[in-house]
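K.L.:
Using our numbering, the first residue of the sequence shown is number 5, and each one after it goes up by one. C-beta: ideal position from N, C-alpha, C; glycine also. Here the structure is a predicted model, which is why all the values come from computation and not from measurement.
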Amino acid sequence: MVGDIDRDGVEKAYERWAPIYDLVFGKVFEHGRQSTIAEADRIGGRVLDVGVGTGLSLSDYSRNVRLCGVDISEPMLRKAQQRVRAQGLANVETLAVMDAKNLAFRDASFDAVVAQYVITTVPDPEATLDDFVRVLKPGGELILVNHVGVDSGPRRILDLAVAPLARRLGWRTEFPWERLVKWAARHGGVSLAERRPMPPLGHFSLIRYHKN
Numbered sequence: 005m006v007g008d009i010d011r012d013g014v015e016k017a018y019e020r021w022a023p024i025y026d027l028v029f030g031k032v033f034e035h036g037r038q039s040t041i042a043e044a045d046r047i048g049g050r051v052l053d054v055g056v057g058t059g060l061s062l063s064d065y066s067r068n069v070r071l072c073g074v075d076i077s078e079p080m081l082r083k084a085q086q087r088v089r090a091q092g093l094a095n096v097e098t099l100a101v102m103d104a105k106n107l108a109f110r111d112a113s114f115d116a117v118v119a120q121y122v123i124t125t126v127p128d129p130e131a132t133l134d135d136f137v138r139v140l141k142p143g144g145e146l147i148l149v150n151h152v153g154v155d156s157g158p159r160r161i162l163d164l165a166v167a168p169l170a171r172r173l174g175w176r177t178e179f180p181w182e183r184l185v186k187w188a189a190r191h192g193g194v195s196l197a198e199r200r201p202m203p204p205l206g207h208f209s210l211i212r213y214h215k216n
């Protein structure tokens, strides 16, 4: 529900994660990251990476893609900036502290918006998705990879069991697919291009929306 995660809590959680984020999550999320990057490279042009974090993905994009990266966590972005300098990533135009729900970019600024493991960490996912689509050019793509919950069975029980801990760490687990279906129908300006299960064990999905 809206408001079940607060911005201050997320900022504090990721400030704690910043020093060890790459070590803890690098391999776990590798397949999802590489899959979203491949889709963004296919589209090309100017790409916004929301929740860019420590910049772990930046060097994996094609150097022909022009990148802007934003994140709510200043400590994470400092590591991303260090990475850009160390690796000479001249195709990175901007790295900025920014709220994903209130992007400081003009309408229709990007050919693709990539959000890796972001939607379950923001207080208002639907409003955040709205702003992602706002900054997309017509014909552009919104490329998500995220945990998507289920309505029943062992995975549902596990999601609910770990939910309190997950919130303290900065994200929510109980995020059903139906929530995205309802958002897209209400928005009316996007169409689902793909939903692809991701490892480990299909707990995550790559989801692509096309801006009509």
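Consult DSSP for His151 and reduce its assignment to one of helix, strand or coil.
P.N.:
Here residue 151 refers to the residue found at position 147 when the sequence shown is read from its first residue. Three-state result, His151: strand.
K.L.:
How long is the line joining the alpha carbons of Asp134 and Arg87, rounded to whole angstroms?
P.N.:
Your numbering for residue 134 matches position 130 in the sequence shown. Your numbering for residue 87 matches position 83 in the sequence shown. Rounded to the nearest angstrom, the two C-alpha atoms are 30 Å apart.
K.L.:
For Phe114 versus Asn150, is the C-beta distance shorter than 8 Å?
P.N.:
Counting from 1 along the sequence shown, the entry for residue 114 is found at position 110. Counting from 1 along the sequence shown, the entry for residue 150 is found at position 146. No, the pair does not count as a contact, with Cβ atoms beyond the cut-off.
K.L.:
Which whole-angstrom value is the C-beta distance of Gly73 and Leu99, which I expect to be below 8 Å?
P.N.:
The residue you call residue 73 lines up with position 69 of the sequence shown. The residue you call residue 99 lines up with position 95 of the sequence shown. Correct: roughly 5 Å between the Cβ atoms.
K.L.:
Quick one: using the 10 Å Cβ neighbour count with 16 as the cut-off for buried, is Arg172 buried or exposed?
P.N.:
Counting from one through the sequence shown, the residue named residue 172 turns up at place 168. Confidence at Arg172 is low in this model, with a pLDDT of 49, below 50, so the placement of that residue should be treated as unreliable; the coordinate-derived value is given next. The residue in question, Arg172, is exposed, as its Cβ has fewer than 16 Cβ neighbours within 10 Å.
K.L.:
Quick one: residues in its chain with C-beta nearer than 7 Å to the C-beta of Trp187, no 5 flanking neighbours on either side, listed in chain order?
P.N.:
What you label residue 187 is simply residue 183 of the sequence shown in a count that begins at 1. Answer for Trp187: Glu130, Leu133, listed in chain order.
K.L.:
When you compare only the Cα positions, how much space is there between Ala170 and Pro180?
P.N.:
Position 166 of the sequence shown, counting from 1, holds the residue named residue 170. Position 176 of the sequence shown, counting from 1, holds the residue named residue 180. Confidence is the limiting factor: at Ala170 the pLDDT is only 46, short of 50, which leaves the residue's position unreliable, though a coordinate-based value still follows. Cα to Cα, the separation comes out at about 16 Å.
K.L.:
Between the alpha carbons of Leu62 and Val69, how many angstroms are there, rounded?
P.N.:
If you number the sequence shown from 1, residue 62 lands on position 58. If you number the sequence shown from 1, residue 69 lands on position 65. Straight through space, the alpha carbons of Val69 and Leu62 are spaced by roughly 10 Å.
K.L.:
Can you look up Val137 in the DSSP assignment and give me helix, strand or coil?
P.N.:
What you label residue 137 is simply residue 133 of the sequence shown in a count that begins at 1. Look at Val137 here: in three-state DSSP terms it is helix.
K.L.:
Looking at the structure shown, is His191 part of a helix, part of a strand, or coil, going by DSSP?
P.N.:
The residue you call residue 191 lines up with position 187 of the sequence shown. Looking at His191 - three-state DSSP - the assignment turns out to be helix.
K.L.:
Report back the beta-carbon spacing between Ile47 and Ala119 to the nearest angstrom; my notes put them in contact at under 8 Å.
P.N.:
By one-based count along the sequence shown, residue 47 stands at place 43. By one-based count along the sequence shown, residue 119 stands at place 115. In fact, because the Cβ distance is near 14 Å, the residues do not count as touching under 8 Å.
K.L.:
Determine the burial state of Ser77: buried for a count of at least 16 other Cβ atoms within 10 Å of its Cβ, exposed for fewer.
P.N.:
The sequence position of residue 77 within the sequence shown is 73, counting from 1. With 16 or more Cβ atoms within 10 Å of its Cβ, Ser77 is classed as buried.
K.L.:
Taking C-beta to C-beta, are Asp64 and Gln38 nearer than 8 Å?
P.N.:
As a first step, residue 64 is located in the sequence shown; it is residue number 60 there, counting from the start. As a first step, residue 38 is located in the sequence shown; it is residue number 34 there, counting from the start. Yes, the pair counts as a contact, with Cβ atoms nearer than the cut-off.
K.L.:
What are the partner residues of Pro201, as DSSP defines its beta bridges?
P.N.:
Reading the sequence shown from its first residue, position 197 is the one you call residue 201. Its beta-bridge partners are Ser209.
K.L.:
Which partner residues of Lys215 appear in the DSSP bridge assignment?
P.N.:
For the purposes of this step, residue 215 is taken as residue 211 along the sequence shown, with counting starting at 1. Partner(s): Val194.
K.L.:
To which residues does DSSP link Arg50 through a beta bridge?
P.N.:
Taking the first residue of the sequence shown as 1, we reach residue 50 at position 46. Arg70, per the DSSP bridge assignment.
K.L.:
Put Leu184 into one of helix, strand or coil per three-state DSSP.
P.N.:
Mapped onto the sequence shown, residue 184 falls at position 180. In this structure, Leu184 counts as helix in the three-state DSSP scheme.
K.L.:
Is the beta carbon of Met202 sitting closer than 8 Å to the one on Gly92?
P.N.:
What you label residue 202 is simply residue 198 of the sequence shown in a count that begins at 1. What you label residue 92 is simply residue 88 of the sequence shown in a count that begins at 1. Cβ atoms of Met202 and Gly92: not closer than 8 Å.
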